[in-house]
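Q: Sequential numbering from 3 applies to the sequence shown in the working numbering.
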Amino acid sequence: MASRPSRLWHRYFGGAFKPMRLVEVINSTPEPDGIHKSYYLSIPRFDERGDEILTPAHAVAWTFSMTPEDYRTQVET
Numbered sequence: 003m004a005s006r007p008s009r010l011w012h013r014y015f016g017g018a019f020k021p022m023r024l025v026e027v028i029n030s031t032p033e034p035d036g037i038h039k040s041y042y043l044s045i046p047r048f049d050e051r052g053d054e055i056l057t058p059a060h061a062v063a064w065t066f067s068m069t070p071e072d073y074r075t076q077v078e079t
């Protein structure tokens with residue numbers, strides 16, 4: 003499978019800083035040493051439809067400009 007969503011991260015710094023929201027994804031292609039690297043992608047709180055992004059799958063779909071219903075990681079080409 004392509005990037006397998008694993009978890010959402012929310013970080014609040016307080017003050018004038020905006021909260022940070024990230025989705026952690028794991029690369030399906032291993033490194034030469036066999037390790038699968040994790041990557042962190044910045045995401046907004048809401049998608050284009052105004053729906054709050056609450057799941058890793060929804061967050062990954064957003065990174066591809068897709069809805070969660072349209073995004074499926076069934077076949078990697």
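Ideal placement from N, C-alpha and C gives every residue a C-beta, glycine not left out.
Just to confirm the assignment, what range does the beta strand (DSSP E) spanning L56 have?
A: Taken as a continuous stretch (DSSP letters only), L56 belongs to no beta strand (DSSP E), as it is neither H nor E.
Q: According to the neighbour-count rule (16 or more other Cβ atoms, all chains shown, within 10 Å of its Cβ), is A61 buried or exposed?
A: A61 comes out buried.
Q: Which runs of the beta strand (DSSP E) fall wholly inside the segment 25-54 and span at least 3 residues, in chain order?
A: Within the segment 25-54, the complete beta strand (DSSP E) runs of at least 3 residues are 40-44.
Q: Which residue from Y42, P21, A18, P32 puts its Cα closest to that of R9?
A: Of the candidates Y42, P21, A18, P32, the one whose C-alpha sits nearest the C-alpha of R9 is Y42.
Q: How many angstroms separate the CA atom of I28 from the CA atom of K39?
A: So the two alpha carbons sit approximately 6 Å from each other.
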